[in-house]
Each structure stands twice: as structure tokens, then as C-alpha cells.
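Input: a single structure, listed below in C-alpha cells.
2 protein chains.
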Amino acid sequence: MATGRTERPAQRGRGIPEATVARLPLYLRALSALSERGVPTVSSEELAAAAGVNSAKLRKDLSYLGSYGTRGVGYDVEYLVYQISRELGLTQDWPVAIIGIGNLGHALANYGGFASRGFRVAALLDADRAVTGQRIAGMAVRHMDDLEQIVREDHVSIGVITTPAPAAQEVADRLVAAGITSILNFAPTVLSVPEGVDVRKVDLSIELQILAFHEQRKSGLDPVAGPVPARPSKPGERGDLPEVMPA
Amino acid sequence: MATGRTERPAQRGRGIPEATVARLPLYLRALSALSERGVPTVSSEELAAAAGVNSAKLRKDLSYLGSYGTRGVGYDVEYLVYQISRELGLTQDWPVAIIGIGNLGHALANYGGFASRGFRVAALLDADRAVTGQRIAGMAVRHMDDLEQIVREDHVSIGVITTPAPAAQEVADRLVAAGITSILNFAPTVLSVPEGVDVRKVDLSIELQILAFHEQRKSGLDPVAGPVPARPSKPGERGDLPEVMPA
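Those sequence lines, one after another, are chains A and B. Going by UniProt numbering, the first residue of the first sequence is number 1, and it counts up by one from there. Going by UniProt numbering, the first residue of the second sequence is number 1, and it counts up by one from there.
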């Protein structure tokens, strides 16, 4: 989920709770996998299991979309893909600019998963003149000097920051000044942006953490079953812990 | 969440629901941002807002960890980071092998967010002898022929697949044969693995989809307020839709 200045009221727009919005892409991912395997319909229980939520919550979430499935049949996979895509706005074209064309920016420029969801990479930018002019994914990398012009002329909706951490805030400031109100931040730093600008931060280790939980269970290294690690070090700094947070 | 063969019962191990496990990394990400800003304590409302869940759910989730906060004070940020890290198994060392050293594999090899969570990149592998031997992030890229030996000698716990889609299944099969039971798949394909092997698939467009939802609202392109897009095309294939799924 979001960190930094992206807190917002629980409901917005047509009254879909923020937590439901955050789950729609997960349903879409599970549905896309079913679609790729040619599965025509899915029960709420199956879809809930694939998405990692309980089925009552899934049904409630989908009811906000006016989607209730059919008793004994379930949900039509293709139509639900369409409904969720429409709700998320993925049936529109969202021109995206990627700023910072190192290995990650390069990988994202070639990432098929963006275009298939309506995110068209419209521009690649870098501050390094050794990189600008290179052709990647059929596009010439442009210089940061042209950012404002590119945003205007290419109708860029979303800025994707893949610079090193020290450069990210300045890039965010320039995107905001150029009128961008949605930023996806891959740089390992927290960005400050004005009210009305949405920033979402990608943490590539999130899924690894969930794997680690299960790997720990499988290898019998349960933190309770196994030896309990010591309290965190730096005892001097933590002298008040027992009162603040009883173990 | 997981797709493919990662469905599992709602509860496991110490009885922490799977959905709670999936939220712990999100709390950890929000807490880490607070920690970086030097914030010592956080209320359940603030932390819930930062993580995009409601505060009752947050309190329930954290109660599984034996963490209840203190009335009027909230949660100790550093201690909660430690508790969640311990629960997820992040206080252990998880040697990771990255297979497929294109741009994404290269980017992940240098990604600071892995090491800070206990995921040590122990080995880089590629099938292309033009790539093997190159030094990236202080390591020489090894050839796929050495996979089984590397898994054994370096005690690799988790395999990260960053190959092109057509190569991913074969790599997964070899990882499983070598004894790996946790796979993180960045390749845009669904993997088949035996029972007992956890696969999680990363979709880099998930956060973009949430941004698109809000961008759509901000730009007044609400699918209900604005012109309603037509039903999906391919009408011949969808003739039974009205019965299966009333609009």
C-alpha cells in the first residue's frame, strides 16, 4: 500500500472503499491467470483463495462494482476482468513517463505487463547525456531538460521514478511542477509531495517477505517453536520498552 | 497475492491467517517510513491509514503477534518493526539466487531493499555464456549448469526468476529438483509447481493500477459520471453473457 503523503479518506468517488480499490488489482491478477488457462467461470471461493482473501470479502468488494455472480455458476472470468479493468480505469490509455534509465528503468521500458494493462510507456528520460539518445523499446531516451515539454506534448498522466534515491525528490518536484499528480516511486526513499498528488512506493521485497514466512514454517524455524531471538540490541535506547510495549 | 499453485488454507502454522501474513509486509513498509523520519510511536489509526487498511483490522492483525500497543501512546515503531520482522522470519538470513541476469535481474542484484530485509543475494545465474563471468554487485554471474551445486553449497532458500517468459518454467523445474521450495517469479507467465512449493508472482503494474483509479477520479473520467464504454467486443464469443452475468 501507499506510504508517505498518500493517506486519504477510506471512501472516495463512487464510494468504493480504499481497501477495496487496493484489492481489485489482486483479483485482476488472479482472473488474468485463469483467463490465460482458458477457465470460463470461477466461484467466489476459488477466486478468493487465488487472491488470498476470504470469499465473503471478495463478494462484498465485487458488489461495489455491481457484480454478483450467478448462483451455481460463479463469475464469468472475462466479463469480470472487463468490469474490474473499467472500474480501475484500465480501459483508458494512460501515457507513462519513466525517469531514470538505469537497469530498472530499462527493464520497465520493456515490461510487457504495463502495456497489457493500459499503461503505455510514452517517454523515457534520463539526466545523463551518455544515456540520452539511446534507443530502448523502440524509443529514444530524452534528456530531463525536456521533461516539461514531454509531459505537455505527450499528455503524460503518470510519472515512474527509477532514479537513484538521492535524485528522486528533485525529479518528483519537477513532475509535480509540470502538472503530474500521480507518481510511482521505485527509488528507495520517501518522497514529499503537495496535497492532491498521489505517490505510491513499490517495495520489490514485499512478496519475498511472504515467501520467507512460509519458508520459515516449512523449515521448522518458527520463531516460537524454535529458539527465541534476543530482544533488539541498543538496550540504552530502549530502556522504556517494557512500559510502552509489554512483551 | 499469489496466483497459480499458491492457494493454501486460510490459517497455518501458529494460526495467523494468510490474509494477515500478506498485510504484515505493508505494515512493515509503513513503519519503516516512519522509522526513517525518526517517529518514535504511532497510533493504530495513523498506521492503518499509512498502510491502507482500517484500524480495527490493523489492531486485530497485530494481536496475532501479541502486540497491543498502549492506550494514548500507540505502538513503539522500532519494536513493532522488530516484532513483524521476527514473525515474517526477516531476522534470519535468507540466501537468494537470481536466475536470469537481464536488466531486471541486474537491477534486483543491486536493489538495496532486499539486503535490508534479510534477503542476501547469494548467487546470480544465467544461461548465456556471454553474461556468465561478468561481475555485478560484487559477484561473478555463474552458469545455469552450476545451479544444483550453487543451491547446495550456498544454502539458497529462495529462487528469484527474472528470465524471459519462455524460459521460466524450465528454470522453476530445475529449482524444484534442486530442493528449492520458495520461488519469486517476475517472468510474465504462470508456473506449474508440485504441492509444497510456494510460488509468488510479482506484477509490477499493481501499484500503477491503483494510481490509475485515482487519476481517473481526479480527471473527471469516472466510468459512471462520464460516457459509459461499450460492452467488450467479440460479441459472437460472448452471446451467453446476459444470462450468466446480468449487467
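Glycine included, each C-beta is placed from N, C-alpha and C at the ideal position.
**Asked** Does the beta carbon of B/Ser43 fall short of 7 Å from some heavy atom of the ligand HEM?
**Response** This structure does not include the ligand HEM; it has no bound ligands of any sort.
**Message:** Closer than 8 Å is the cut-off here; do at least three beta carbon pairs connect the stretch 130-143 of chain B with the stretch 72-86 of chain B?
**Reply:** no
**Message:** Could you pull the DSSP bridge partners for B/Thr189 from this structure?
**Reply:** Partner(s): none; B/Thr189 has no beta bridge.
**Asked** Taking the alpha carbon of A/Ala212 as the point to measure from, which residue in B/Ile158, B/Ser67, B/Leu108 has its own alpha carbon closest?
**Response** B/Ile158
**Message:** Counting C-beta neighbours from all protein chains within 10 Å, is the total for B/Lys60 16 or more, i.e. buried, or is it exposed?
**Reply:** exposed
**Item:** Classification of A/Glu207 by the beta-carbon crowding that lies within 10 angstroms, buried from 16 upward
**Value:** buried
**Prompt:** Given A/Val39, which residues of its chain have a CB within under 7 Å of its CB, disregarding the five upstream and five downstream residues?
**Reply:** Val77
**Prompt:** Going by alpha carbons, who is nearest to B/His143 out of B/Arg71, B/Gln169, B/Ile99, B/Gly220?
**Reply:** B/Ile99
**Asked** Since B/Val21 meets chain A, which of its residues come closer than 7 Å, beta carbon to beta carbon?
**Response** Ile210, Phe213
**Request:** Can you pull the chain B residues whose beta carbon is under 7 Å from the beta carbon of A/Leu62, in chain order?
**Result:** Within 7 Å Cβ-Cβ: nothing; A/Leu62 doesn't reach chain B, min ~11 Å.
**Message:** Quick check on the burial criterion: 16 or more other C-beta atoms within 10 angstroms. Buried or exposed for B/Thr41?
**Reply:** buried
**Prompt:** Can you name the residues of chain A whose CB is closer than 8 Å to the CB of B/Leu125?
**Reply:** Residues of chain A passing the Cβ test: none, with the nearest at roughly 17 Å.
**Asked** What does B/Arg174 touch in chain A if you count any residue whose Cβ is under 7 Å from its own?
**Response** Result: empty, since nearest Cβ-Cβ is about 18 Å, beyond 7 Å.
**Request:** Could you tell me whether any Cβ in chain A is nearer than 8 Å to the Cβ of B/Asp93?
**Result:** no
**Message:** Against chain A, with Cβ distances strictly below 8 Å, would B/Ala33 count as a contact?
**Reply:** yes
**Prompt:** So what does DSSP say about B/Thr132, is it helix, strand or coil?
**Reply:** coil
**Request:** Determine which residues share a DSSP beta bridge with B/Val202 and list them.
**Result:** Answer by DSSP bridge pairing: none, since B/Val202 is not bridged.
**Asked** For B/Pro227, does the three-state DSSP call read helix, strand or coil?
**Response** At B/Pro227 the pLDDT is 39, less than 50, meaning the model places this residue with poor confidence; the figure from the coordinates comes in the next sentence. In this structure, B/Pro227 counts as coil in the three-state DSSP scheme.
**Asked** Alpha carbon to alpha carbon, how far is B/Glu148 from B/Ser192?
**Response** 20 Å
**Selection of the stretch 102-128 of chain A by Cβ proximity to chain B, strictly under 9 Å** = Gly102, Asn103, Leu104, Gly105, His106, Ala107, Leu108, Ala109, Asn110, Tyr111, Gly112, Gly113, Phe114, Ser116, Arg117, Gly118, Phe119
**Request:** Whole angstroms is fine: what's the gap from B/Thr91's alpha carbon to A/Ala48's?
**Result:** 30 Å
**Message:** Suppose you measure from the CA of A/Ala225 to the CA of B/Glu87; what does that come to, to the nearest Å?
**Reply:** Caution applies to A/Ala225, whose pLDDT of 40 falls short of 50 and renders its modelled position unreliable; the value that the coordinates give is listed next. One C-alpha to the other measures close to 12 Å.
**Inter-residue spacing [alpha-carbon to alpha-carbon] between B/Pro95 and B/Ile180** = 11 Å
**Message:** What residue range does the beta strand (DSSP E) around B/Asp126 cover?
**Reply:** 119-126
**Prompt:** For A/Ala137, which residues from the same chain have a beta carbon less than 6 Å from its beta carbon, with the 5 sequence-adjacent residues on both sides left out?
**Reply:** Ala109, Asn110
**Message:** Looking at chain B, is there any beta carbon in it that lies within less than 8 Å of the beta carbon of A/Thr181?
**Reply:** yes
**Asked** Just how far apart, CA to CA, sit B/Arg174 and A/Thr163?
**Response** 34 Å
**Request:** Use the C-beta contact count for A/Gly196: other C-beta atoms within 10 angstroms, 16 or more gives buried, fewer gives exposed.
**Result:** exposed
**Prompt:** Which of the three DSSP states, helix, strand or coil, is assigned to A/Ala97?
**Reply:** strand
**Message:** Can you tell me which residues form a DSSP beta bridge with B/Tyr75?
**Reply:** B/Val42
**Beta-carbon separation (whole angstroms), A/Ala122 vs A/Val176, contact threshold 8 Å** = Actually they are not in contact, since the Cβ atoms of A/Ala122 and A/Val176 sit about 18 Å apart, beyond 8 Å.
**Prompt:** Going by beta carbon distance, what residues of the same chain come within less than 6 Å of B/Thr189, once the five residues before and after it are set aside?
**Reply:** Ala165, Ala168
**Prompt:** Based on the DSSP output, what are the partners of B/Ser157 in its beta bridges?
**Reply:** Bridge partners of B/Ser157: none, in fact.
**Message:** Suppose you measure from the CA of A/Ala115 to the CA of B/Gln209; what does that come to, to the nearest Å?
**Reply:** 12 Å
**Request:** For A/Asp145, count neighbouring C-beta atoms within 10 Å of its own C-beta (all shown protein chains included) and say buried if the count is 16 or more, exposed if not.
**Result:** exposed
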